[in-house]
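Numbering (the working numbering), first residue to last: 7 to 193. Using N, Cα and C, we set each Cβ at its ideal position, and we do this for glycine too. Okay, structure first, notes after.
The structure is reproduced here in structure tokens:
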């Protein structure tokens, strides 16, 4: 079954992307995306973004539409990753790259540092803490970079890297969404 969602801002505003049903795939709702990109409005243009557990690609395509210089979408499901590539081609989004890989393995080998990271893992699988710890170990988040974390509403975000500070937090339905910024330790 094919599903559709509309990009809500930027160059591709109102363009529709499609995605196939897949286990654990739940696109970030438009209302949540709008709030997130309002929070990030001064940070997206010219940024390098990493979209982990990309799924529908909603967050990565929204960032690209709003002027991100580069977007890397990491998705473990081969069929879902192919759909990301097809959507990027349809949008002529040469600055969007879909990578078929396990997120933890991708981060283990990652040598790039990103300004924005979107982390929206499947719910109920205990992935947030190990992925955040691997992001910190890999250096994938730039100093003063921001990371968006979307989780099930009742999940407590514990064991996050000590240099990540909560900037914004909201809930919508069964979803909790949080924006953190990496700070450098005082010298």
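Under 8 Å by Cβ, that's how I've got residue 15 and residue 71 pegged, so tell me the actual separation to the nearest angstrom.
A Cβ-Cβ distance of about 6 Å is found for the pair residue 15 and residue 71, placing them in contact under the 8 Å criterion.
Option nearest residue 86 by Cα separation, candidates 130, 122, 24, 124
Nearest of 130, 122, 24, 124 to residue 86, Cα basis: 24.
Backbone secondary structure at residue 79 - three-state DSSP:
Here residue 79 carries a strand assignment [DSSP, helix/strand/coil].
Would you check if the distance between the CB atom of residue 166 and the CB atom of residue 185 is smaller than 8 Å?
Not a contact, by the Cβ cut-off of 8 Å.
Beta bridge counterpart(s) of residue 174 as assigned by DSSP:
Per DSSP, the beta-bridge partners of residue 174 are 185.
At 4 residues or longer, what runs of the alpha helix (DSSP H) sit wholly inside the stretch 112-167?
List check, alpha helix (DSSP H) in window: 134-144.
Spatial neighbours of residue 96 within its chain, please: C-beta separation below 8 Å, excluding the five flanking residues on both sides.
Excluding positions up to five away in sequence, the list reads 23.
Determine whether the beta carbon atoms of residue 107 and residue 146 lie at a separation below 8 Å.
Against a cut-off of 8 Å, the Cβ pair of residue 146 and residue 107 comes out as no contact.
Check residue 71 in the structure and name its three-state DSSP category.
Residue 71 sits in a helix when the DSSP states are folded into three classes.
Hey, residue 33 and residue 11: beta-carbon distance below 8 Å or not?
The answer is yes: Cβ separation under 8 Å.
To which residues does DSSP link residue 106 through a beta bridge?
Paired residues: 81.
Below 8 Å on the Cβ atoms is my contact criterion, and I expect residue 79 with residue 102 to pass it. Report the Cβ-Cβ distance as a whole number of Å.
About 7 Å; that satisfies the 8 Å criterion.
Between which two residues does the beta strand (DSSP E) harbouring residue 56 extend?
Counting along the chain, residue 56 sits inside the beta strand (DSSP E) bounded by residues 54-58.
Cβ neighbours of residue 124 in the same chain (closer than 6 Å, five flanking residues each side left out)
The beta carbon of residue 124 sits closer than 6 Å to the beta carbons of 57, 65, 154 from its chain, once the five residues preceding and following it are set aside; these are given in chain order.
Using DSSP with H/G/I as helix, E/B as strand and the rest coil, what is residue 50?
The DSSP-derived three-state label of residue 50 is coil.
Can you tell me whether DSSP reads residue 31 as helix, strand or coil?
Three-state result, residue 31: coil.
Note down the Cα distance separating residue 41 from residue 137, rounded to an integer number of angstroms.
Each residue's alpha carbon lies about 24 Å from the other.
With 8 Å set as the bound, which would you pick, yes or no: does the beta-carbon of residue 70 sit closer than that to a beta-carbon of chain C?
No chain C appears in this structure, which consists of one protein chain only.
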